[in-house]
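Everything below concerns the one structure shown next.
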Amino acid sequence: MIVLKSSTELDRMRRSGRMVAEVLELLKQKIQPGVTTLELDRLAEEQCKKWKVRPAFKGYGGFPFTICASPNDRVVHGFPDQRPLQEGEILSIDFGLVCDGYFGDSAFTAPVGPVSPGVQGLLDVTKQSLADGIAAAQPGAHLSDVSHAIQATAESAGFGVVREFVGHGIGSNLHEDPQIPNYGTPGRGPRLKPGMTLAIEPMINMGTPAVSVLDDGWTAVTTDGRLSAHFEHTIAITEQGPEILTRL
Ligand code: MG
Ligand code: MG
Numbered sequence: 116m117i118v119l120k121s122s123t124e125l126d127r128m129r130r131s132g133r134m135v136a137e138v139l140e141l142l143k144q145k146i147q148p149g150v151t152t153l154e155l156d157r158l159a160e161e162q163c164k165k166w167k168v169r170p171a172f173k174g175y176g177g178f179p180f181t182i183c184a185s186p187n188d189r190v191v192h193g194f195p196d197q198r199p200l201q202e203g204e205i206l207s208i209d210f211g212l213v214c215d216g217y218f219g220d221s222a223f224t225a226p227v228g229p230v231s232p233g234v235q236g237l238l239d240v241t242k243q244s245l246a247d248g249i250a251a252a253q254p255g256a257h258l259s260d261v262s263h264a265i266q267a268t269a270e271s272a273g274f275g276v277v278r279e280f281v282g283h284g285i286g287s288n289l290h291e292d293p294q295i296p297n298y299g300t301p302g303r304g305p306r307l308k309p310g311m312t313l314a315i316e317p318m319i320n321m322g323t324p325a326v327s328v329l330d331d332g333w334t335a336v337t338t339d340g341r342l343s344a345h346f347e348h349t350i351a352i353t354e355q356g357p358e359i360l361t362r363l
């Protein structure tokens, strides 16, 4: 069942969404060669403590950290660690929090210093596929119109769309109905209605779509060892169209 949010609930989600965006902006500015993802994790945790809000992922299904940090061939759900980032790498950071009972969830992939044009292309196309998915999230549209828009953008650039992980409804739970695949035929699934709140999150591989999970039980990696990017926003469907909640 897809829960429709009241205007009071939407206001709470705007607040938590904005906090998520502030934390991610803070982390983005710290990304440079020599920094460790564990340092970024601590920064995110400190900010949550300062605001007296709870990070969404820590303890979720046993996940042990505040952020997911997934460099290079890591797709999603990577563990922060003490390895210094190196110039030319990429890093995906996923972060969520809950404030007054409502969740926000967002992710981005950033270069560590300068990267090659091909690598920058993967980041640009993944970000664009999210923008195109959000643009398709109009009231009255079908859910799979969002999925199709993401897939079309990513595959027309020659990249692989990850199948194993999907976007999701979000609200008083981190994961609610519906599931939102990043691929599909348009015109299928439920129609989007004002009051729906969705976390849309394409995971796009430079090579094939195939992923595997490491022995830690969490970290998803590309099976071919090539790079992967991840962008996510929490949005609300409104009468006027999609509203991005996780941005400054
Ligand atoms: Mg996320
Ligand atoms: Mg999510």
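If you read the sequence shown in this note's numbering, its first letter stands for residue 116, the second for the next number, and so on. A virtual CB, placed ideally from N, CA and C, is assigned to each residue, including glycine.
Next on the checklist: Just to confirm the assignment, what range does the beta strand (DSSP E) spanning E291 have?
Outcome noted: 291-295
Next on the checklist: Can you tell me whether A314 sits near ligand 2, meaning its C-beta is under 6 Å from at least one heavy atom of the ligand?
Outcome noted: yes
Next on the checklist: Just to confirm the assignment, what range does the beta strand (DSSP E) spanning G219 have?
Outcome noted: 217-226
Item to check | G282 versus Q162: straight-line alpha-carbon distance, rounded | outcome: 25 Å
Next on the checklist: Could you give the first and the last residue of the continuous beta strand (DSSP E) run that contains S185?
Outcome noted: 182-186
Next on the checklist: Is D292 near ligand 4 - that is, is its Cβ less than 6 Å away from at least one heavy atom of it?
Outcome noted: For ligand 4, the structure offers nothing, since it holds only ligand 1 and ligand 2.
Checklist entry - What does F210 pair with, by DSSP beta-bridge criteria? => result I182, S221
Item to check | Residues near F218 in its chain [Cβ-Cβ closer than 8 Å; skip 5 each side] | outcome: M128, S131, A171, G211, L212, I285, G286, S287, N288, L289, T349
Item to check | Stretch pair the segment 254-268 + the segment 191-202: three plus CB contacts closer than 8 Å | outcome: no
Next on the checklist: Within a Cβ cutoff of 6 Å, which residues of the same chain sit near G356, ignoring the five residues on either side of it in sequence?
Outcome noted: Q253
Item to check | Identity of the residues DSSP links to V326 by a beta bridge | outcome: T337
Next on the checklist: Quick check: A159 and V191, are their CB atoms within less than 7 Å of each other?
Outcome noted: no
Checklist entry - Mind checking whether the beta-carbon of A222 lies closer than 6 Å to any heavy atom of ligand 1? => result yes
Next on the checklist: Less than 6 Å separating the Cβ of D156 from some heavy atom of ligand 1?
Outcome noted: no
Item to check | Beta-carbon proximity list for L153, same chain, < 7 Å, skipping 5 on both sides | outcome: P195, D196, Q197
Checklist entry - How close, in whole Å, do the beta carbons of L342 and A351 come, if the pair is a contact with beta carbons under 8 Å? => result Wrong, their Cβ atoms sit about 31 Å apart, outside the cutoff.
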